[in-house]
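J.: Start counting the sequence shown at 1380; every next residue gets the next number (my numbering).
Even glycine gets a Cβ: it sits at the ideal position worked out from N, Cα and C.
Fair warning: this is a prediction, and the values are worked out from it, not measured in the lab.
Take this structure first; my questions come after.
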Amino acid sequence: MRFDVVTVLPELLSGFLDHSIIKRAVERQLLEINIVNLRDYSTSKHKQVDDYQYGGGAGMVMMIEPLANCIRDLQSKSKFDDIIYLTPDGKTYDQKEANKMSLQKNLMIICGHYKGIDQRARDMFVTKEISIGDFVLSGGEIAAAVVIDSIGRLIPGVINDETSALTDSFQDGLLAPPVYTRPSDFEGNVVPEILLSGNEAAILNWRNEKAYERTKNFRPDLLME
Ligand code: ADE
């Protein structure tokens, strides 16, 4: 699977790519990530990529010309399953969407900055608009890292224990149950006995019950879906 990420701050993404599980996936050729500097597609002398908004108002808008040049150049080299724009006014991202997107081969991600990108770029090129939550980040790069990480770890071979991604929170519509490791007694706080019993059926049952209980307490909305 390949991501082409369009950004005005490539350094912000290189930190994430140099140190995460994703780095290993790239080294093992399970993932390919191409970071594209939008300024390389600006035709102005000062490599300008943003300008004042028509109609007035605070905040700059990312210009359509560099974006169109960049997107068309990338499109001439690959066929994209989706051109994704990361924006707080997009559809809220969730595990279901991550699962779906992990089956695709080529995704372009556009990171917004300032007030966002010119609406015409959205109308002309973007096929999917994603928000990672109801809050505003100063740029789309952190959101891109979130999306790439959450999709990347679903690709077979990227995380060591392949079954582990299947038991994550949300994969069965519930939050994950509590987990414990050694020691079994820490300052009198003991691990639930059933987990030490070796009774697999009883342990599975306990985990299901705890997952349901946690979901009911913290995310009752998940039980209504
Ligand atoms: N850019 C700024 N805020 C964002 C958010 N919440 N999700 C995705 N991209 C963003």
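On the CB-based measure, 16 or more other CB atoms within 10 Å of its CB, does His1492 come out buried or exposed?
T.: buried
J.: Determine the contact status of Ala1544 and Leu1533, defining contact as a CB-CB distance below 7 Å.
T.: yes
J.: Beta-carbon within less than 8 Å of Ser1393's beta-carbon, same chain only, minus the 5 sequence neighbours each way: which residues are those?
T.: Ile1414
J.: Pull up the distance between the alpha-carbon of Leu1574 and that of Ser1548, whole angstroms please.
T.: 19 Å
J.: Ligand 1 and Gly1519: does any heavy atom of the ligand fall closer than 6 Å to the residue's C-beta?
T.: yes
J.: Which residues in the same chain as Val1428 place their Cβ atom closer than 7 Å to its Cβ, once the five residues preceding and following it in sequence are excluded?
T.: Contacts found: Val1387, Leu1417, Arg1418, Ser1421, Met1441, Met1442, Pro1445.
J.: Considering only residues of the same chain and omitting the five flanking positions on each side of Gln1432, which have a CB-CB separation below 6 Å?
T.: Val1440
J.: Report yes if the CB atom of Lys1606 is closer than 7 Å to the CB atom of Asp1461, and no otherwise.
T.: Because the chain spans 1380 through 1604 in this model, residue 1606 falls outside it and cannot be assessed.
J.: Which class does Asn1359 belong to by DSSP, given the choice of helix, strand or coil?
T.: Since the first residue shown for the chain is 1380 and the last is 1604, residue 1359 is missing from the structure and cannot be characterised.
J.: Could you name the residues of the same chain whose beta carbon sits closer than 7 Å to that of Ser1399, not counting the 5 residues immediately before and after it, in chain order?
T.: When the five nearest sequence neighbours on each side are left out, the beta carbons in the same chain lying within less than 7 Å of the beta carbon of Ser1399 are those of Asp1528, in order along the chain.
J.: Along the chain, where does the alpha helix (DSSP H) containing Ile1496 start, and where does it finish?
T.: That residue, Ile1496, is in no alpha helix (DSSP H); it is neither H nor E in DSSP.
J.: Use the C-beta contact count for Val1384: other C-beta atoms within 10 angstroms, 16 or more gives buried, fewer gives exposed.
T.: Classification for Val1384: buried.
J.: Where do the ends of the alpha helix (DSSP H) carrying Thr1506 lie?
T.: No alpha helix (DSSP H) holds Thr1506; DSSP gives it neither H nor E.
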